[in-house]
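Counting in numbering that gives the first Met the number 0, the sequence shown runs from 0 upward without gaps.
For every residue, glycine included, the Cβ atom is placed at its ideal position computed from N, Cα and C.
These notes are about the structure you will find just below.
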Amino acid sequence: MNKVLIVMLTLLSATSGCTSNSHVYRNQPLVAKVETGMTQEQVRQIGGEPLSVTPRTVELGTCFDYVLTQAGHNQPFNVSFDGSGKVDHTSFLTCAEWSHAQQKARAPGSGTVDMGGGY
Numbered sequence: 000m001n002k003v004l005i006v007m008l009t010l011l012s013a014t015s016g017c018t019s020n021s022h023v024y025r026n027q028p029l030v031a032k033v034e035t036g037m038t039q040e041q042v043r044q045i046g047g048e049p050l051s052v053t054p055r056t057v058e059l060g061t062c063f064d065y066v067l068t069q070a071g072h073n074q075p076f077n078v079s080f081d082g083s084g085k086v087d088h089t090s091f092l093t094c095a096e097w098s099h100a101q102q103k104a105r106a107p108g109s110g111t112v113d114m115g116g117g118y
């Protein structure tokens with residue numbers, strides 16, 4: 000396993016664990032059904048219109064923001080698309096939070112050379 004992948008997985012684990020109880024939302028359609036490689040239209044069919052659609056700032060692409068609701072609690076969730084419009088990432092963060100995490104990881108002195116394929 001390469002160093003970049005390990006750093007990415009660690010970053011995602013740390014941010015996801017701090018911001019959500021992902022097991023609580025695992026049966027929500029966006030969490031359960033959205034898969035890497037799906038189109039924006041397929042995601043809209045599953046989750047409806049996103050709250051916002053923003054251009055990605057680190058890599059070419061687009062990001063959809065949603066809010067999941069379960070037992071009266073709200074949880075941000077994003078679906079991120081690469082430059083060809085295919086899902087390449089989902090997380091329990093807003094698009095802005097995910098972008099910030101990637102920008103921080105790419106900053107000089109972060110210990111990573113290239114995050115590749117990210118938001």
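For Gln39, no beta strand (DSSP E) encloses it; the enclosing alpha helix (DSSP H) starts and ends at Gln39 to Gly46. Taking a cut-off of 8 angstroms on C-beta distances, the region 93-100 touches the region 66-85, as three or more cross pairs fall below it.
Here the alpha carbon of Val42 sits roughly 25 angstroms from the alpha carbon of Gln102. In the three-state reduction of the DSSP assignment, Gln27 falls in the coil class, being assigned neither a helical nor a strand state. The continuous alpha helix (DSSP H) containing Ser98 extends over residues Cys94 to Arg105. When DSSP reads this structure, Ser51 sits in a beta bridge with Asp64.
Measuring C-alpha to C-alpha distances from Ser51 to each of Ala31, Ser90, Val23 and Tyr65 identifies Tyr65 as the nearest.
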